[in-house]
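K.L.:
These protein sequence lines map, in sequence, to chains A and B.
Under our numbering, the first residue of the first sequence carries the number 650, and numbering increases by one thereafter.
Under our numbering, the first residue of the second sequence carries the number 14, and numbering increases by one thereafter.
We treat Cβ as the ideally placed atom computed from N, Cα and C, and that holds for glycine.
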Amino acid sequence: MRRSIITFCLLSLFIGLEAYAQKVKGSDSVLPLSQKLAEAYAKKGGRVTVTGGGSGVGIAALLDGSTDIAQSSRKTKFSEKAKLVAKKRQVKELAIAMDALAVVVHPDNKVSQLTRQQLEDIFTGKITNWKQVGGEDRRIIVYSRETSSGTYEFFKEQVLKNKNYKASVLSMPATGAIIQSIKQTKGAIGYVGLAYLNKEVKAIKVSYDGKNFVAPTLEASKNGTYPIVRPLLYYYDIRKSKAVTPFLNFVLSKEGQKIVSNVGYIPVK
Amino acid sequence: MKKMFRGKKYFIEALWEGLLKISGSVTSIIIILIVLFLFSEGMGLFKKNVIEEGYVIAVNKNNPIKDLTPQQIKDVFDVKIETWKELGADVSGNQIVVLRLDDIPNYFPEEEIAEDMSNLPQIISQILDDNPGMIAFVPKDFTQTNFTGKILDLGNINFKDFFGGKEWFPTAQPAHQFGVIPIVMGTLWVSLGAILIALPFGLAVAIYSAELASKAVHKVLKPIIELLAGIPSVVYGFFGLVVIVPLIQKTFNLDVGETGLAGSIVLAIMALPTIITIAEDALRSTPRAMKEASLALGANKWQTIVKVTIPYSISGITAGVVLGIGRAIGETMAVLMVTGNAAVIPHTLLEPVRTIPATIAAELGEAPKGGAHYEALFVLGCILFVITLLINLTVEYISYRNKNKVA
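#1: Does chain B have any CB closer than 8 Å to the CB of G842(A)?
#2: Quick check for students: name the residue ranges of the beta strand (DSSP E) that lie wholly in the stretch 44-79 of chain B, counting only runs of 3 or more.
#3: Using a Cβ-Cβ cut-off of less than 7 Å, give me the residues of the stretch 333-365 of chain B that come near chain A, in sequence order.
#4: Can you confirm whether Q186(B), when its beta carbon is compared against all beta carbons of chain A, has any partner nearer than 8 Å?
#5: For the stretch 339-349 of chain B and the stretch 162-172 of chain B, state whether three or more C-beta atom pairs, one from each stretch, are separated by less than 8 Å.
#6: Just reading off the alpha helix (DSSP H) that S277(B) is part of, what are its end residues?
#7: On the CB-based measure, 16 or more other CB atoms within 10 Å of its CB, does R723(A) come out buried or exposed?
#8: Listed in chain order, which residues of the stretch 243-271 of chain B have Cβ atoms closer than 8 Å to some Cβ of chain A?
#9: Beta-carbon of I771(A) versus every beta-carbon of chain B: anything under 8 Å?
#10: Under 8 Å between beta-carbons, which chain A residues line up against A375(B)? List them in chain order, please.
#11: Sort Y792(A), Y840(A), S704(A), Q739(A) by Cα distance to I877(A) and report the nearest one.
#12: What is the C-beta distance between Q833(A) and G270(B), in whole angstroms, given that I count them as a contact (C-beta under 8 Å)?
#13: Nearest chain B C-beta to A746(A) closer than 8 Å, yes or no?
#14: Would Y884(A) and E742(A) qualify as a contact pair, given that the criterion is a beta-carbon distance under 8 Å?
#15: Just how far apart, CA to CA, sit Y845(A) and L881(A)?
#16: According to the Cβ coordinates, are L165(B) and L100(B) closer than 8 Å?
#17: Do A242(B) and T287(B) count as a contact pair if the criterion is CB distance below 8 Å?
#18: Beta-carbon within less than 8 Å of E376(B)'s beta-carbon, same chain only, minus the 5 sequence neighbours each way: which residues are those?
#19: Quick test of your reading: S704(A) and G799(A), contact by CB under 8 Å. State the CB separation rounded to the nearest angstrom.
#20: Could you have a look at K848(A) and say whether DSSP puts it in helix, strand or coil?
#21: Mapping DSSP to helix, strand and coil, what is R301(B)?
#22: Out of G701(A), V782(A), G695(A), Y814(A), which one is the CA nearest neighbour of Q190(B)?
#23: With distances taken between CB atoms, is the gap from G162(B) to K74(B) smaller than 8 Å?
#24: Quick check on T834(A) - is its C-beta less than 8 Å from some C-beta in chain B?
#25: Excluding five sequence neighbours on each side, which residues of the same chain lie with their C-beta closer than 7 Å to the C-beta of G168(B)?
#26: Would a check of beta-carbon distances place N811(A) closer than 8 Å to chain E?
#27: Helix, strand or coil for A668(A)? Go by DSSP, reduced to three states.
#28: If you draw a straight line from the alpha carbon of F155(B) to that of E95(B), how long is it in whole angstroms?
#29: Which residues in the same chain as L362(B) place their Cβ atom closer than 7 Å to its Cβ, once the five residues preceding and following it in sequence are excluded?
#30: Spell out whether any CB of chain B is found under 8 Å from the CB atom of V706(A).
#31: Drop a sphere of 10 angstroms on the beta-carbon of H360(B), count the other beta-carbons inside from all chains shown, and report buried for 16 or more, exposed for fewer.
#32: Pick out whichever of Y413(B), I411(B), T401(B), C395(B) has its Cα sitting closest to the Cα of F50(B).
#33: Only counting the same chain, and skipping five residues up and downstream in sequence, which positions put a Cβ closer than 7 Å to that of K780(A)?
#34: Is A356(B) near I291(B), with beta carbons less than 8 Å apart?
#35: What are the boundary residues of the beta strand (DSSP E) that K854(A) is part of?
#36: Indicate whether at least one CB of chain B lies closer than 8 Å to the CB of G859(A).
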C-alpha cells in the first residue's frame, strides 16, 4: 500500500514536471546543438526535452501542436507555409546559429579547389572524371545525403541552383557514413557539416566568383568569405512565445552562443 | 463435491480454448487491417497531381504546348532540354527560359515588389507576357486573379510513369519522379545474390551438423550459429561498411566498394542462422527407421543423405529457405549502410543499388504526411508485400508437390 502511494506521488510529480517542459523537435543537424543547450539550461533549472526526426517532422509537429519549438536546418517550404496559413498559425523564425558545409574528397586527391560551376557540373553529372578539373584520370564518385536530410536540400538549392543531383549519386544515411566512405574511396567527393570535418578527408577550397578560393574554416564562415553557409533555425508559435522566451533568451545569450561554437557551429551573435 | 470440481476444470479448459480462439482471430484481423491500410494509403498516390502540391506550371499565352510528361518537366528545369522544338512545340525564339520564384528579381526590380507580395501575380503575368519562350513554376495562389499566362493541366500521376519510370527523384521540383524500376530491380538483385550465397553454405552446414557432426562439435556449433541470429542488423551494416566494402573494392579493383554484392554478402550472413536452424530441424525429423532401412539395403552414408533424408525433409528445408529470403528482402538497416543507395538500374552485382526497404526507411521520416512522396513510399511497401507473397505461394506450391511425390 505504502509503496503504491509513493509510486503515485513520484508519477504525478513526473507528469507535473513534464507538463512544464518545453519540447523541441526536428532537424537532426540541429539535434546535437539543442541537446547541449538543453543540458546547460537544465542546470539553471529550466526543462527542455529535445527529439530529432528531421526538419520536416519538426514543422509537422509544430502544425499539430505536439511540439513547442521546431528546429530546422532549412527555411520552411512554401507548402508548409501554406499549411500554417490554412491553420491560422503565426509562426516566428529565429536563427540560433550558422552552419557551413564543407566539400570533401579523398586525402590523396590532387585537386584542392573548385568553383561553384564545377561543383554543379560534378553533382549533376556533366563532369565525370577528375582530369576534367585538373586531377588525375579517375572516375568521380559522388556521395550525398538521403533526400530526407536538410543538408541535401540546402546543397541542392545553394550549390546546384535547384537542379537535380544525377541519378547515380550514392546516398548515405548519415554524415559519419559519408566520411567513412570517402576515406576508403579514391575518386570520392561529398559534403559534410563543418562540425564533422576531420583529418581523414580533405576539404576543398570553394569559389563562387571564380577568383577567390576559400577554405571552409570557422573564421571564414564567420566573416562571410566562405560561401556555403546556412542558418540553423527555431520556429515557434507566436501564441506560445511567452512560454518559450526564457529558453530562447538563454540560447542567444553569451553562454548559449558559446555552446554553439563548442559544438562546431558558428554563433549568430 | 467431486462433480463441482470437475465442472471447474471444464470451465478453465473452455476459457483457455476461448482465449486461444480470440487471440488467433484478433491476429488475423490485425494483419488484414495492416494490409488494407498499406494499400489504401498507397492508392492515394494515383489521385495526386504530377506537379508539387500548391504549385502550377505556366507558359506564355501564345505557347501551343499542351502536355508534358514528368520526365520532360524535370529535364526542362534541369536545363537538359533547352529548346521548345525538342518538346514538339513551335514557339518564337525557340529557346526555353525557366522561371522560379527566386528568379523574379532578375526580371523585375526587387524594390517594386510589395512587402506582402500582393502584386506578385501581376508581376508574374507581366514577365510571362514579355518572354514568349518562358516556362514558370509558381505557387497556385499567385495565378488566381488577373493571370494572363497559360496554365498547363498535366493531370495525375499515372501507373505507367510509376511502374515504368526509370528515375527516382521523390523530392524533385516541380515534378516528382517516381520511377520504381531501379529500386525494384535493386531489391531483386540483392536478394537473389544473398540467397545464392546463403543457400549452399546454409544447406552444407545444416547437413553436416544434423548428419555428420559428432555430439561435441554439434554442442559448440549450434550456439555459435544461434548467436549469429542475435546480432543487431546495424552491427552487421557497420561491419559490412568497414570490412566487406573495402574488401570488395580491392578484390574486384572497383571505383566504389558500396555495391549490390556487399549487400548480398551481409544479407547472406544474416539469413544463414534462419536457414541452418530450420533446415537442420527438418533433417533431424527424418524417421530413424527410414534411414536404417536405406543403410540396411547397402546404401552408404552419402547415398542415404541424398536419396532419403533430403527428399523426406525437403518441405522443411524450403520453409527455411523462404524465411531466409523473407529476411533478406525485408532487411533494411544493414543494406542501407553498404549498398550505396544509388537509384540506377543495376546491370551487375558490382554496382551500387537501392532497395525498397532502404528507400522507405531513409525517406519516410521527412516525407510530409499525406503528400505524394509519402504515398509513393506506401506503394513501395505494397510492392514489397506482393513480392514476398509471391515467393511464399511459389514455395508452398513446390513443397506441396514434393510432399505428394514422396507419399
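P.N.:
Well, looking at it:
#1: Sequence index remark: in the first sequence, residue 842(A) carries index 193 (1-based). No, no contact with chain B.
#2: 68-72
#3: L349, M350, G353, N354, A355, A356, V357, P365
#4: On the second sequence, residue 186(B) is found 173 positions in, with the first residue counted as 1. Answer yes: the Cβ-Cβ gap between Q186(B) and chain A drops below 8 Å somewhere.
#5: no
#6: Locating residue 277(B) in the second sequence gives position 264, where the first residue counts as 1. Note, S277(B): alpha helix (DSSP H), 273-297.
#7: Position 74 of the first sequence, counted from the start, is the residue given in the question as residue 723(A). Counting Cβ neighbours within 10 Å, R723(A) comes out buried, since at least 16 surround it.
#8: L254, V255, V258, P259, Q262, D268, V269, G270, E271
#9: Counting from 1 along the first sequence, the entry for residue 771(A) is found at position 122. No, I771(A) lies away from the interface with chain B (no Cβ there is under 8 Å from its Cβ).
#10: In the second sequence, counting from the first residue as 1, residue 375(B) sits at position 362. Going along chain A in sequence order, the residues near A375(B) (Cβ under 8 Å) are E795, T796, S797, S820, P822.
#11: Counting from 1 along the first sequence, the entry for residue 877(A) is found at position 228. The shortest C-alpha separation from I877(A) is found at Y840(A).
#12: On the first sequence, residue 833(A) is found 184 positions in, with the first residue counted as 1. On the second sequence, residue 270(B) is found 257 positions in, with the first residue counted as 1. Right, their Cβ atoms sit about 7 Å apart.
#13: In the first sequence, residue 746(A) corresponds to position 97, counting from 1. No - not a single Cβ of chain B is within 8 Å of the one on A746(A).
#14: If you number the first sequence from 1, residue 884(A) lands on position 235. If you number the first sequence from 1, residue 742(A) lands on position 93. Going by C-beta atoms, Y884(A) is nearer than 8 Å to E742(A).
#15: Start at 1 with the first residue of the first sequence, and residue 845(A) comes out as number 196. Start at 1 with the first residue of the first sequence, and residue 881(A) comes out as number 232. Spanning the two alpha carbons is a distance of roughly 16 Å.
#16: For the purposes of this step, residue 165(B) is identified with residue 152 of the second sequence, where counting begins at 1. For the purposes of this step, residue 100(B) is identified with residue 87 of the second sequence, where counting begins at 1. No, they are not a contact pair.
#17: Along the second sequence, read from residue 1 onward, the residue named residue 287(B) stands at position 274. Along the second sequence, read from residue 1 onward, the residue named residue 242(B) stands at position 229. Cβ atoms of T287(B) and A242(B): closer than 8 Å.
#18: On the second sequence, position 363 is the one that residue 376(B) refers to. Excluding sequence neighbours, E376(B) sits near P183, H386, L390.
#19: Here residue 704(A) refers to the residue found at position 55 when the first sequence is read from its first residue. Here residue 799(A) refers to the residue found at position 150 when the first sequence is read from its first residue. About 4 Å; that satisfies the 8 Å criterion.
#20: Here residue 848(A) refers to the residue found at position 199 when the first sequence is read from its first residue. Three-state DSSP puts K848(A) in coil, outside helix and strand.
#21: Here the question's residue 301(B) lines up with position 288 in the second sequence. It is helical.
#22: In the second sequence, counting from the first residue as 1, residue 190(B) sits at position 177. Nearest of G701(A), V782(A), G695(A), Y814(A) to Q190(B), Cα basis: Y814(A).
#23: Here residue 162(B) is taken as the residue at index 149 of the second sequence, counted from 1. Here residue 74(B) is taken as the residue at index 61 of the second sequence, counted from 1. Yes. Within cutoff.
#24: Residue 834(A) sits at position 185 when you count from the first residue of the first sequence. Judged by the 8 Å Cβ criterion, T834(A) is in contact with chain B.
#25: Mapped onto the second sequence, residue 168(B) falls at position 155. Correct list, in chain order: V63.
#26: Note that chain E does not occur in the displayed structure, where the protein chains are A and B.
#27: By one-based count along the first sequence, residue 668(A) stands at place 19. Caution is warranted here: a pLDDT of 48 is assigned to A668(A), below 50, making its placement in the model unreliable, and no coordinate value can be reported.
#28: Walking along the second sequence from the start, residue 155(B) turns up at place 142. Walking along the second sequence from the start, residue 95(B) turns up at place 82. Roughly 26 Å between the two C-alpha positions.
#29: To locate residue 362(B), count along the second sequence from 1; it is residue 349. Around L362(B): W202, G206, T272, G273, L274, S277.
#30: As a working mapping, residue 706(A) is identified with position 57 in the first sequence. Yes, because at least one Cβ of chain B sits closer than 8 Å to the Cβ of V706(A).
#31: By one-based count along the second sequence, residue 360(B) stands at place 347. Answer is exposed; the Cβ neighbour count stays below 16.
#32: By one-based count along the second sequence, residue 50(B) stands at place 37. Nearest option by C-alpha distance: C395(B).
#33: Residue numbering aside, residue 780(A) sits at position 131 when the first sequence is read from its first letter. The residues are D786.
#34: Working through the second sequence from its first residue, we reach residue 356(B) at position 343. Working through the second sequence from its first residue, we reach residue 291(B) at position 278. The answer is no: Cβ separation not under 8 Å.
#35: Taking the first residue of the first sequence as 1, we reach residue 854(A) at position 205. 854-856 is the span of the beta strand (DSSP E), which, as asked, contains K854(A).
#36: For this step, residue 859(A) is matched to residue 210 along the first sequence. So, not an interface residue.
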